[in-house]
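Counting from 3, one number per residue, gives the positions in the sequence shown under the numbering used here. What follows is one structure encoded as structure tokens, with my remarks underneath.
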Amino acid sequence: NELDSLVDTARAAFAEAKTPAELENAKAQFLGKSGRITELMKGMAALSVEEKKSRGAAINVGKQAIETALTDRRQQLADEELSLQLRAEALDVSLPGRHRAGGGLHPVSRTLERIEEIFSSMGFDVADGPEIESDWHSFTSLNNPPNHPARSMQDTFYVDLKGDDGIPYNLRPH
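Given below as structure tokens:
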């Protein structure tokens, strides 16, 4: 049968294609504007109606077989390309990692340490305390009245935690 041999020829041509460009050239020979399947379709104009039905169905079956072979070969080429790319980008996880150089102190931290050293050498002590204080430690024990401007929201940063007296804690203002 002419169509079966055409399908076999198309499969062989697709199998010989080593790149997607070669595959598209082979596709044009069979499914393009001047391809063999298109020529068979054009040749149906001279046939009778009954012959057109049977011949058209046979040509469509052949065309579908060629398209299936083309799709399969495209997928094979894509898989081959992907496997080549994966082999080229392979990462050996058993290799030792890159050595990271040790870091250093931030310049501001070094400056603070230097300042502390200087004051310590002059006889001062460095006192450290909590960053969040209660209202009592920040204002009341210092005799600041409840309406003092230092207690306002613009001058003091309050946090969402509240003390036993229901007054919110604040960041140490002094």
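For each residue, glycine too, the CB sits at the ideal point set by N, CA and C.
Can you give me the Cβ contacts of residue i inside the same chain, cut-off strictly under 8 Å, excluding the 5 residues immediately before and after it?
i	result
Lys164	Pro170 and Tyr171
Thr21	Leu79
Glu115	Leu107
For residue i, I'd like the list of residues in its chain whose CB is within less than 7 Å of its CB, leaving aside the five on either flank, ordered along the chain.
i	result
Arg13	Ala71
Asn145	none
Can you check which of these residues, the options, is closest to residue i by C-alpha distance?
i	options	result
Phe141	Leu42, Thr21, Ser123 and Tyr160	Tyr160
Ile134	Pro175, Phe121, Thr113 and Leu114	Pro175
Ser7	Glu24, Lys35 and Lys65	Lys65
Leu33	Glu4, Glu69, Lys54 and Leu5	Glu69
Ile61	Asp74, Lys44 and Thr73	Lys44
Asp137	Arg153, Leu42, Ala129 and Gln31	Arg153
Glu4	Gly168, Met124, Glu41 and Glu52	Glu41
Drop a sphere of 10 angstroms on the beta-carbon of residue i, count the other beta-carbons inside from all chains shown, and report buried for 16 or more, exposed for fewer.
i	result
Phe16	buried
Val63	exposed
Name the DSSP beta bridge partners of residue i, please?
i	result
Leu49	In DSSP, Leu49 forms no bridge with anything.
Ile134	Leu173
Keeping to the same chain, check which residues put their C-beta closer than 6 Å to that of residue i; ignore five residues upstream and five downstream.
i	result
Ala19	Leu25 and Ala28
Nearest chain B C-beta to residue i closer than 7 Å, yes or no?
i	result
Lys164	Absence of chain B from the displayed structure is noted, only one protein chain being present.
What three-state label does DSSP hand residue i in the structure shown?
i	result
Lys164	strand
Phe121	helix
Asn62	helix
Val9	helix
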